[in-house]
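The UniProt record's numbering numbers the first residue of the sequence shown as 1 and each following residue consecutively. Glycine included, every Cβ here is placed at the ideal spot set by N, Cα and C. Taking it in order: structure first as structure tokens, then the write-up.
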Amino acid sequence: MKMLGGAFLAASAVLQGVSASPRAPAEFSPDVVAPATISVSDTTEGINVTSPYMNDDVNDLNTRAAKFWLRVMPLGASITQGIKSSDGNGYRKHIRDQLRFAGWNVNMVGSKQDGTMNDRDNEGHPGWVISQVTGAAKSSAGMRPNLVLINAGTNDCIQNIDTGNAGKRMQDMINLLLEKIPETTIILSTILPSATRQSCVDDVNKQLKALKNESKRVYIAEMKLTINDIGSDGTHPTDAGYKKMASAWWAAFQRAEGVIKAPSNNIDDEKETKGTAGGAKTCAKSNSVAGRGPVQTQNEGTGADDGNYRHRSTPGITFTVPSSQSIQYQFAQIVNLGGADRGGETDELVKIEKQGDGSNKYSYYLNTGGKYDTSTKDFSLPFKCAGTVAHLWGDLNNDGLDDLWCIGAQGQATVALNRGGNPPTFESIGEVMASPGPYGPGDVLVADIDGDGRADYCIQENNGDIRCWRNGGSSDKVSFWQGFARADGGGDVVFPGKGKPNKNMVRMGDLSGNFRSDWMYIGDQGQIESWINQRGWGTGIVPDWVSAGQTHGGVGRGSEIQLGRVYGSGRLDYIWMKPTGGDKIEVTVYQNLGEGGTRRKGDGTFYCDMTGSGSDDYVWIWSPGDKAELYINTHNPPNWKEDTKTLFNIGRNRRSIHLADWDGDGKCDVLSQRKSDGALEWWRNGYDKATGRFAFEYKGFVAGSEKCRQGWGVNIFDRGLRLADIDGDGRADYLCLEKDGRTTGLLNTQTGLVDVGQIKFSEGWDRANIRFADVEASGRADMIWVDKYTGQGTVMKNKGRIQAGASSFTWENRGVLYPGVGERGANMNFANLGGKDRADFVQVLPVSNKAYTWFNECPAGAGGDDGPIVDPKLPAYAKSARRSSSRIMRGSSEW
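What follows is the structure in structure tokens.
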């Protein structure tokens, strides 16, 4: 059975509102230090002469099952999956049967399910090379297998990928596994004969067998198949060949069994394999069972986006400012006049004037709503930003005001936080980014790449590639940096260079108005080529870039063009800073009236039970909230009953809309929050089952003002208000989340709202990655933290309300119970599509709105035991009688 990966929080720890000790947010926990030397030994097969399993009389065996389970992960590519075997099981059922016949209890684990065997979990990924299999090993390490069977490298030969270093890449995989699971034992197989690439096979196998084993936890299974054991495709074994593979695994296992340790966590492997009779709703969700899937549960074609970005503009204001070689002008929102909401930023024109002593004088022209004050106001900084430096502006802490980034001679960044006011005041927080390499101030860009409202640190290579470090902060000041390909990285290429001649003419900022920094290149005549930054899919959080072509025709010269948010549309306007020939610059603003590039189809997907059937339906809501389409769950994936094209029309921003059962009648109502203060409006769902008709009655405000002023952020998932039933009375409760995930709230009871204060203390998790859903049919919503890089879901089990404590509810850290699928968390949903009152794991692709579901179900019947224990009668595997200094029998082996 399958186990979920990456559990980084202590399992079974009951949390009662106070943290035992401060720690970094889980999403950037440091890895275990790698061993100095990882190696593989015992390159010929043998049998441990002290093995209790040297005879066929299982009744006389001293079975290890009484001590612990074998939690086995088959890891590799298509041969691991079992392609071309008649039952799809490949070698996996043969070796599982042999281990069980020898007295072991076995739980196969992995994120995939293939073949006809009951316990068919594995990590076999067709077509994958060693480096890709290493990625699967990393994402599945949280399943904590105590035995890993690796067969990888065949595709490296087929694809001719740096085969001379295949052994090094394999060692990297072994390093990673032993870092993540130090107690595991690894059996690494040689790769199989090939009809067309045998010389490569011989070379790779020589590299694998040359690896040394100083850890004594890594063993070789030498596959002695011949070409006659390979099928007609020249790559995959026949059924007989797969059975011979199982014999090789078994021979290697007998040498390794003396060092195998018990699994390191307290997963009930017996329950996972035997299941729960009848498939009850209330079995524990296991981190070894992802669930039935992936099942396609949504066809593409539903929903709508606003197309690619289409630029148009109109000439706007013109004014003049002084000109001098000692004056530099920049556009940034350093004053939020009138408290403009996010997306309504209006940039001041900042003037930086170098003084005779080398210092700078700072002042600004105030933006008063699409026009500028004619006089300047001075402001000061808490440090000197002078010399060979660059002044850059970007919102470090997601408060809507631009902060000053002073970029030093080697690219290091020191930040002054903008604390507001008119004029603004600034607070130094020191150096936030050390020099990442041989870069200068002109190589650094500050841009919000992932659209979370926080500026990231980027550098531009000479070839035009943009490499970035993600600002991972969730509190006021940045606390750590992450990668975009993976959480523990940094400096990942997020935008590949386009071969432009002058990298100094690259700009990054929000042209389309979707809160993500787009890429723009200003040509010699001021024309601009643009690529729009969109939410993507796949591993990591690198954006999907969509070319918008030449968006601006251009005026003047490229060096005279700037971009700024003058009119408060959320989009960058085009600004011509034209020298007049004297001591003036004429500033002409072209107002951005562009459209498109701001919404993807997946943005409007909601799931909730609109008919009271006990299963969630699919609702697609248009961005203005003026239209919602209903698709009724018929339990016939991927088909839904398209019930109505206009379910409701409340004319509220989609970001404010919540679907939840407010009155406890089993049907989801429509609610909308007022962003400024959290006041909540209610439209009661009056669905009539007899006629199949919907009616939504407006009931007014049901939660008053000042209850939750968190509003929502720029990320579509960054909602400060959530509605979820946490006390189990069938009514959605009112939950208010701060940016770091600390949660307070009101219980929605039959007699009214009850303020219960702090519900859950902060785990340091960005609230955009937090979901609430009932994982184990307890009737109460649990908290799920979704890893933004992998989609893995860590569950805080809701244990119910308590009368005394720092928090009013108790939560048990269950670790990672949803495995992720190598897909970013922003595309993951949790909905009761299967009708078991358990949150299923739903992946919605942002571009097509196609969806896949892993159903969260209780196992039923015999589970993974595959019937009675019988001898699988594996082919004999001859063993030498010569012993080595490491007590391993060595020698040649023949079939």
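Only exposed fits residue 634, as fewer than 16 other CB atoms lie within 10 angstroms of its CB.
Residue 429 carries a strand assignment under DSSP once its states are collapsed to helix, strand and coil. Here residue 621 is bridged, per DSSP, to 628. Put simply, of 819, 811, 773 and 758 the residue whose alpha carbon is nearest the alpha carbon of residue 788 is 819. Looking at the DSSP output, residue 670 shares a beta bridge with 659 and 683. Bounds of the beta strand (DSSP E) holding residue 737 are 733 to 737. Runs of alpha helix (DSSP H) with 4 or more residues, each lying fully within the stretch 400 to 481, are absent. Cα atoms of residue 667 and residue 693: separation of roughly 13 Å, rounded to the nearest angstrom. By the C-beta criterion, the stretch 160 to 168 is judged to be in contact with the stretch 206 to 223, since at least 3 inter-stretch pairs fall below 8 Å. CA-CA distance, residue 500 to residue 549, rounds to 14 Å. Residue 705 is positioned such that its CB atom lies closer than 8 Å to that of residue 679. Following the DSSP letters along the chain, one finds residue 242 inside the alpha helix (DSSP H) bounded by residues 239 to 256. Collapsing the DSSP output to three states places residue 776 in coil. Counting C-beta pairs closer than 8 Å gives fewer than three between the stretch 846 to 857 and the stretch 555 to 575, which falls short of the contact rule. Taking 8 Å as the cut-off, the Cβ atoms of residue 84 and residue 231 count as close. Scanning the stretch 804 to 834 for uninterrupted beta strand (DSSP E) segments of 3 residues or longer gives 809 to 818 and 828 to 831, listed from N- to C-terminal end. In this structure the stretch 307 to 316 does not touch the stretch 345 to 354; the number of beta carbon pairs closer than 8 Å is below three. Following the DSSP letters along the chain, one finds residue 316 inside the beta strand (DSSP E) bounded by residues 313 to 322. As for any beta strand (DSSP E) of minimum length 3 sitting wholly inside the stretch 142 to 201, the runs are 147 to 151 and 185 to 189, ordered along the chain. Counting other Cβ atoms within 10 Å of its Cβ, residue 826 reaches 16 or more and is therefore classed as buried. Leaving aside the five residues that flank residue 240 on each side, the residues in its chain whose CB is nearer than 7 Å to its CB run, in chain order, 229.
Taking 8 Å as the cut-off, the beta carbon of residue 101 is found closer than this to the beta carbon of residue 869.
Taking the C-beta atoms as reference points, residue 283 is found no nearer than 8 Å to residue 708.
With the rule of 3 Cβ pairs closer than 8 Å, the stretch 422 to 431 does not count as touching the stretch 499 to 515. Beyond the five residues adjoining it in sequence on each side, residue 621 comes within less than 7 Å, by CB distance, of 604, 606, 628, 654 and 657 in the same chain, given in chain order. In the DSSP assignment, residue 693 forms a beta bridge with 688. Under the DSSP definition of a beta bridge, residue 378 partners with 363. A check of alpha carbon separations from residue 717 across 438, 530, 450 and 320 identifies 450 as the nearest. Your pair residue 259 and residue 145 does not check out as a contact, with CB atoms roughly 15 Å apart and the cut at 8 Å. Note on residue 154: 16 or more other CB atoms within 10 angstroms of its CB, so buried under the neighbour-count rule.
Per DSSP, reduced to three states, the secondary structure at residue 204 is helical. Between residue 537 and residue 823 the beta-carbon gap is near 6 Å, inside 8 Å, which marks them as a contact.
Secondary structure of residue 236 (DSSP, three-state): coil. For residue 411, the closest C-alpha among the options 515, 269, 540 and 433 is that of 433.
At the C-beta level, residue 90 and residue 242 come within 8 Å of one another.
Taken atom to atom, the span from the alpha-carbon of residue 749 to that of residue 729 is near 8 Å.
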